[in-house]
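Student: In the working numbering, the protein residues as written are -14 to 207.
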């Protein structure tokens, strides 16, 4: 069992969820409540990582974050090292390719809140921030939990983009998915089976826990 790669994957998934949770809340809420010219295009751009082949998205991320790009040059000037083939670069890529898994369920969660409840909160004198905290978030929480679970599980299993942007550097960018691939390439089927079963169990528990917490919250709110 490659514990180093597993811990790296869990660390990457945890940071990705932590970054995308506030993004999902505010972007999902904005898309759920606002109508504006070009909204369909914005929603299509958010969903684009879901339908693009990982190699295509990985290529554009590699070019955008590479040493010749403004982002890569700025990072080099600030931190004295490249951005690609490092954990920070891998994290940026993870955040981008998980956008649809985070924002879309959150948007559906906010869309499920009746307009009358939001209007009642405003009539009671609640500020938008307080209404978000006291009224909207508890009702949209099942959608947000789904977003976090999908983001976490998808990050653990992503292979193509991780390999292109991060490479396979042990302890820095070699995730559990890449480690499984290396085991298969080395004909270590027993090692690959153990790691695959571990990844399957973690993903299954994550999704089950999300459903259980959502159902429990639903009973409390009903």
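Don't be surprised by glycine CBs; every beta carbon is placed ideally from N, CA and C.
Here the structure is a predicted model, which is why all the values come from computation and not from measurement.
#1: With distance defined between alpha-carbon atoms, name the residue in 19, 161 and 193 nearest to residue 179.
#2: Taking C-beta to C-beta, are residue 46 and residue 154 nearer than 8 Å?
#3: Assign residue 79 to one of two classes, buried (16 or more other C-beta atoms within 10 Å of its C-beta) or exposed (fewer than that).
#4: Does the structure place the segment 92 to 107 close enough to the segment 124 to 143 that three or more beta carbon pairs sit under 8 Å?
#5: Near residue 157, what residues of its chain come up, given a Cβ to Cβ distance below 7 Å and the 5 sequence neighbours on each side ignored?
#6: Under 8 Å, with one C-beta from each stretch per pair, do the segment 53 to 61 and the segment 79 to 88 reach the 3-pair mark?
#7: Does DSSP put residue 99 in a helix, in a strand, or in coil?
#8: Roughly how many angstroms separate the alpha carbons of residue 36 and residue 9, rounded to a whole number?
#9: Can you tell me whether DSSP reads residue 137 as helix, strand or coil?
#10: Tell me the rounded alpha-carbon separation between residue 123 and residue 151.
#11: Rounded to the nearest angstrom, what separates residue 189 and residue 134 at their Cα positions?
#12: Should residue 149 be labelled buried (16 or more other beta-carbon atoms within 10 Å of its own) or exposed?
#13: Considering only the beta carbon of each residue, do residue -9 and residue 136 sit closer than 8 Å?
#14: How long is the line joining the alpha carbons of residue 22 and residue 49, rounded to whole angstroms?
#15: Are the Cβ atoms of residue 142 and residue 75 separated by less than 8 Å?
#16: Between 11, 139 and 176, which has its C-alpha nearest residue 34's C-alpha?
#17: Would you report the Cα separation of residue 187 and residue 144, rounded to the nearest angstrom?
#18: Considering only C-alpha positions, which residue in the set 1, 28, 2 and 3 is nearest to residue 14?
Tutor: The short version:
#1: It is 161.
#2: For residue 46 and residue 154, no; Cβs fall outside 8 Å.
#3: Residue 79 should be labelled buried.
#4: When Cβ pairs closer than 8 Å are counted between the two stretches, the segment 124 to 143 is seen to touch the segment 92 to 107, the count reaching three or more.
#5: Around residue 157: 71 and 72.
#6: Counting Cβ pairs under 8 Å, fewer than three are found: no touch.
#7: In the structure shown, residue 99 falls within a coil segment according to DSSP collapsed to helix, strand and coil.
#8: Approximately 19 Å between the Cα atoms of the pair.
#9: Looking at residue 137 - three-state DSSP - the assignment turns out to be helix.
#10: Distance between the alpha carbons of residue 123 and residue 151: 37 Å.
#11: Cα to Cα, residue 189 sits roughly 10 Å from residue 134.
#12: Counting the other CB atoms within 10 Å of its CB gives residue 149 a total of 16 or more, which places it among the buried residues.
#13: The Cβ atoms of residue -9 and residue 136 lie no closer than 8 Å to each other.
#14: Straight-line Cα distance between these residues: approximately 28 Å.
#15: Contact: no.
#16: The shortest Cα separation from residue 34 among 11, 139 and 176 belongs to 139.
#17: Residue 144 has its alpha-carbon roughly 17 Å from the corresponding atom of residue 187.
#18: Looking from the CA of residue 14, the closest CA among 1, 28, 2 and 3 belongs to 28.
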